[in-house]
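Some notes on the structure that comes next.
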Amino acid sequence: MANEYGADQIQILEGLEAVRKRPGMYIGSTSVRGLHHLVYEIVDNSVDEALAGFCDTIYVTINQDNSITVEDNGRGIPVGINHKAGIPAVEVVFTILHAGGKFGGGGYKVSGGLHGVGASVVNALSDWLEVEICLDNKVYKQRYERGHVCYPLEVIGDCEEGKTGTKVHFLPDSSIFEETVFDYDILKTRLRETAFLTKGLKIVLIDAREGKEQRKEFHYEGGIKEFVTYLNKSKEALYNDVMYFEGTKNGVYVEVALQHNDSYNESVYTFVNNINTPEGGTHLVGFRNALTKTFNDYARNNKLLKESEANLSGEDIREGLTAIISIKIEDPQFEGQTKQKLGNSEARGAVDNVVSEQLTYFLEQNPSVAKTICEKSILAQRAREAARKARDLTRRKTALEGSALPGKLADCSDKDPKNCEIYIVEGDSAGGSAKTARSRATQAILPLRGKILNVEKARLDKIYANAEIKAMITAFGTGIHDDFDISKLRYDKIIIMTDADVDGAHIATLMLTFIYRFMPELIKQGHVYLAKPPLYKLEKNRQVWYAYSDEELERLLAEVGRQNNKIQRYKGLGEMDAEQLWETTMDPEKRILLRVNIDEEEESEVDLTFNTLMGDKVEPRRIFIEENAKFVKNLDI
Ligand code: TSJ
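Just so we're aligned: 637 in our numbering is position 105 of the sequence shown, and the numbers increase by one with no gaps anywhere.
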């Protein structure tokens, strides 16, 4: 073999060797994420074949040994000799870096785009990879090990008359990936998304691992229209229709689907050649322009907005909007730091055109839907106005009167914020104990009553009117949003103290959500903590111990013996008297504090967040709470 290697082959090997040396450069990371990326790289090639109109079914199987098989019914990767490389085209695909999808002309491609580094990268990072192609009634096969060709492409048998397709089977290299066990749910979410974006394409996911056997089919004739229905499934839609607009302008194929729900959040997701563009770009700008202009025109023409009233802002119209914008373009340009923002200027006009034209027509044909949306937007406009006034008012108040501290706050006497901390305490009774227990000089107590408002689910005017939220804002002293000024922070530590049960965790989540949305810097700069009250008290021979977890209790029992104890399980802070509360949870010498952190990696890993949103109906809330728990790291003991 060795003496057959010419200069070209040596170059090929050097290329794939580079991939093995720096896998992160090609697939982002060698974590679970990178592992799953391998599957997308291969599947995207079949999706391209579907987009070209030659494939309608893709099977993805997780095998017993955690190898993956992807099989499609497309034309089959060409097997003829590629004249430039002097080897079969399929071998070029698997052994030459960046060759994926570049031969064969025209059309829009998923692979070769932002993430599409191609099949050769997957090959380089696999322990072994086998490709089988059904073409001209023959089955061709080639095998590679860590990117190296094992034998020339060979015919291994006959294939059914007229049948064509490609099958790729590979095992990720365990010496490269930190994790080599595939997660069915991660693949499920991503493949569902791919199926939504490619109407008519059937994707079947099979988990064939022992004890994990399951299977799911994704097939959406309605494409992104069904995607919007799916996203709004757990919400209350404002009207039955999902609007769907489609057309080609300036060589850009545009598809848009949208429907409003009764929430206040905007959920607009954009894609270019099936690639998610979380930072938006020209296609999103075109969509927003069209939406704002068309609705204002409609509202004026139909006297839903009075002449004296201001135009609806884009934000007002997008309140509660769920939409998918998916365009296909021949030469996508990605910009921005993470290359996740579309730059092509022709996309702006294309989306604007298609949406303006077809939305205008839709509103004329569906006046009751049009009226519902306009009315919701007008309410949003008024709320926005009220919120602005409320903010101006609080601004003026602080300017005139200095900060009028909330009545329920028991402030500390030390005036140097660096020495001070504030306990936000759930419930008036625990608040009372905390006030008795505290160290007056440095510890302030702010009791809050019951569940605080979920700021994810309320309009700004209501948020500003909420007493608990107002109390926190004035006590912290920093102001919020644009007015936020960390130098005015009145306490070095903000400590959330809630019961050690599910309700307590929920209340802590709501408070964290508020702080995260209104003054994220407090979390980013490490000023926010969770207090950790004990779960058990153990008494024996007049000695007392506290345990903060079940494991700790077990350890303690092993140490002091299981006989003659009185174990008390705390159900809430209210069961502790002031002295106990001080000893277990507030004494800086003994307490456990958990510093709240935003997992920066997770925050920037945008598609995971995106995938989270796509979960099944009951999942989003669960994930949200779990993430917040994870988002908390144990630091300071
Ligand atoms: F690239 C790959 F190996 F990762 C891969 C490619 C993996 C899998 C599972 C499928 C495919 C693939 C490629 N499916 N279908 C195709 N089609 C072509 O490569 C093809 C066939 C014919 C023509 C033509 O112009 O006649 C052009 C192309 C790109």
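All C-beta atoms, glycine included, are put in the ideal place defined by N, C-alpha and C. As the structure is a computational prediction, the values presented were derived from the model and not from experiment.
- Task: Take the Cβ of M1051 as the centre, count every other Cβ of all protein chains shown within 10 Å, and call the residue buried at 16 or more, exposed below.
- Result: For the purposes of this step, residue 1051 is taken as residue 519 along the sequence shown, with counting starting at 1. Buried is the call here.
- So, R552 versus A656, is the Cβ gap smaller than 8 Å? Translated into the one-based positions of the sequence shown, residue 552 becomes position 20. Translated into the one-based positions of the sequence shown, residue 656 becomes position 124. Cβ distance < 8 Å, so R552 and A656 count as in contact.
- Message: Taking the straight line between their C-alpha atoms, what separation do you get for V624 and V579?
- Response: Taking the first residue of the sequence shown as position 1, residue 624 is located at position 92. Taking the first residue of the sequence shown as position 1, residue 579 is located at position 47. For V624 and V579, the distance between alpha carbons rounds to 20 Å.
- Message: Suppose you measure from the CA of L853 to the CA of G732; what does that come to, to the nearest Å?
- Response: If you number the sequence shown from 1, residue 853 lands on position 321. If you number the sequence shown from 1, residue 732 lands on position 200. Straight across, the Cα-Cα distance linking L853 with G732 is about 25 Å.
- Between A919 and the ligand TSJ, is the CB less than 7 Å from at least one heavy atom? To locate residue 919, count along the sequence shown from 1; it is residue 387. Incorrect: A919 has no Cβ contact closer than 7 Å to the ligand TSJ.
- Item | P1066, DSSP secondary structure in three states | Locating residue 1066 in the sequence shown gives position 534, where the first residue counts as 1. Residue state, collapsed to three classes: coil.
- Message: Taking 8 Å as the cut-off, does the stretch 878 to 892 touch the stretch 811 to 820 (at least 3 CB pairs, one atom from each stretch)?
- Response: yes
- Message: Distance check for E1053 and I1027, CA to CA, integer angstroms please.
- Response: By one-based count along the sequence shown, residue 1027 stands at place 495. By one-based count along the sequence shown, residue 1053 stands at place 521. So the two alpha carbons sit approximately 15 Å from each other.
- Query: Looking at the structure shown, is A769 part of a helix, part of a strand, or coil, going by DSSP?
  - Reply: Residue numbering aside, residue 769 sits at position 237 when the sequence shown is read from its first letter. Here A769 sits in strand by DSSP.
- Message: Could you check if S578 belongs to the surroundings of the ligand TSJ, using beta carbon to heavy atom distance under 7 Å?
- Response: Here residue 578 refers to the residue found at position 46 when the sequence shown is read from its first residue. Checking the Cβ of S578 against the ligand TSJ gives yes.
- Under the three-state reduction of DSSP, which class applies to V774: helix, strand or coil? By 1-based counting over the sequence shown, the position of residue 774 is 242. If DSSP states are grouped into helix, strand and coil, V774 belongs with coil.
- Going along the chain, which residues of its own chain have a beta-carbon closer than 6 Å to the beta-carbon of V786, five neighbours each way excluded? In the sequence shown, counting from the first residue as 1, residue 786 sits at position 254. Cβ within range, chain order: G779, I859, A882, V883, V886.
- Query: For H1059 versus D1015, is the C-beta distance shorter than 8 Å?
  - Reply: Residue mapping note: residue 1059 aligns to position 527 of the sequence shown, counting from 1. Residue mapping note: residue 1015 aligns to position 483 of the sequence shown, counting from 1. No, they are not a contact pair.
- Item | Nearest to E958 (by Cα), restricted to the options G1036, E1111, R722 | Indexing the sequence shown from 1 puts residue 958 at position 426. With distances taken between Cα atoms, E958 lies closest to G1036.
- Task: Closer than 6 Å by C-beta to G818: which residues in its own chain qualify, once you throw out the five before and the five after it? Chain order, please.
- Result: Here residue 818 refers to the residue found at position 286 when the sequence shown is read from its first residue. Answer for G818: R880, V883, D884, listed in chain order.
- Near N876, which residues of its chain fall below 7 Å by C-beta distance, leaving aside the five closest residues on each side in sequence? As a first step, residue 876 is located in the sequence shown; it is residue number 344 there, counting from the start. Closer than 7 Å at Cβ, skipping near neighbours: T814, I861, P864, Q865.
- Task: Verify whether the separation of the beta carbon atoms of L992 and R916 is less than 8 Å.
- Result: If you number the sequence shown from 1, residue 992 lands on position 460. If you number the sequence shown from 1, residue 916 lands on position 384. Closer than 8 Å, so yes.
- Message: I'd like to know if the stretch 820 to 832 and the stretch 744 to 752 are in contact, where contact means that at least 3 CB-CB pairs between them fall below 8 Å.
- Response: no
- What do you reckon, are the CB atoms on L978 and A999 nearer than 8 Å? The sequence position of residue 978 within the sequence shown is 446, counting from 1. The sequence position of residue 999 within the sequence shown is 467, counting from 1. It is not a contact, given that the beta carbons lie outside the stated cut-off.
- Task: Tell me whether C682 counts as near the ligand TSJ, meaning its Cβ is closer than 7 Å to at least one heavy atom of that ligand.
- Result: Indexing the sequence shown from 1 puts residue 682 at position 150. Outside the cutoff, so no.
- Query: Using 8 Å as the Cβ pair cut-off and three pairs as the minimum, do the stretch 1115 to 1127 and the stretch 1055 to 1072 touch?
  - Reply: yes
- Query: With respect to the beta strand (DSSP E) encompassing M1118, which residues constitute its N-terminal and C-terminal limits?
  - Reply: Working through the sequence shown from its first residue, we reach residue 1118 at position 586. Element bounds for M1118: n/a, residue is neither H nor E.
- Do the stretch 735 to 746 and the stretch 584 to 600 make contact, defined as three or more Cβ pairs closer than 8 Å? yes
- Message: Are the CB atoms of V611 and L667 within a distance shorter than 8 Å?
- Response: Taking the first residue of the sequence shown as position 1, residue 667 is located at position 135. Taking the first residue of the sequence shown as position 1, residue 611 is located at position 79. Yes, Cβ-Cβ distance for L667 and V611 is below 8 Å.
- Task: Using the Cα positions of S766 and V788, report the straight-line distance between them to the nearest angstrom.
- Result: In the sequence shown, residue 766 corresponds to position 234, counting from 1. In the sequence shown, residue 788 corresponds to position 256, counting from 1. Put simply, the backbone Cα of S766 is about 21 Å away from that of V788.
- Which word fits K873, buried or exposed, when buried means at least 16 other C-beta atoms lie within 10 angstroms of its C-beta? Looking up residue 873 in the sequence shown gives position 341. K873 should be labelled buried.
- Item | Selection from S599, G755, S900, A1040 that minimises the alpha carbon distance to I956 | Position 424 of the sequence shown, counted from the first residue, corresponds to residue 956. Nearest option by C-alpha distance: A1040.
- Message: My assumption, with CB atoms under 8 Å, is that D604 sits in contact with T726. Please give the rounded CB distance.
- Response: In the sequence shown, counting from the first residue as 1, residue 604 sits at position 72. In the sequence shown, counting from the first residue as 1, residue 726 sits at position 194. The Cβ separation is near 13 Å, so there is no contact.
- Query: At a cut-off of 7 Å, is G679 close to the ligand TSJ when judged by its beta-carbon and the heavy atoms of the ligand?
  - Reply: For this step, residue 679 is matched to residue 147 along the sequence shown. It does not: the Cβ of G679 is nowhere closer than 7 Å to a heavy atom of the ligand TSJ.
- Closer than 8 Å by C-beta to E1133: which residues in its own chain qualify, once you throw out the five before and the five after it? Chain order, please. Here residue 1133 corresponds to residue number 601 of the sequence shown, with the count starting at 1. Note that E1133 scores a pLDDT of 45, beneath 50, so its modelled location is shaky and nothing firm can be said.
- Query: Under the DSSP definition of a beta bridge, which residues are partnered with I1176?
  - Reply: In this structure the chain extends from 533 to 1169, so residue 1176 is not present and cannot be described.
- Which whole-angstrom value is the C-beta distance of A1110 and T968, which I expect to be below 8 Å? Mapped onto the sequence shown, residue 1110 falls at position 578. Mapped onto the sequence shown, residue 968 falls at position 436. Contact between A1110 and T968 holds: their C-beta atoms lie close to 4 Å from each other, under 8 Å.
- Could you tell me if the beta carbon of I619 falls within a distance shorter than 7 Å of some heavy atom in the ligand TSJ? As a first step, residue 619 is located in the sequence shown; it is residue number 87 there, counting from the start. It does not: the Cβ of I619 is nowhere closer than 7 Å to a heavy atom of the ligand TSJ.
- In the stretch 581 to 628, which residue ranges form an unbroken beta strand (DSSP E) of at least 3 residues, counting only runs that do not cross its ends? 589 to 594, 600 to 604
- Query: Where DSSP assigns a beta bridge to E677, which residues make up the other side?
  - Reply: As a working note, residue 677 is residue 145 in the sequence shown. According to DSSP, E677 bridges with W660, H680.
- Query: Grouping DSSP H, G and I as helix and E and B as strand, with all else coil, what is K744?
  - Reply: If you number the sequence shown from 1, residue 744 lands on position 212. Coil.
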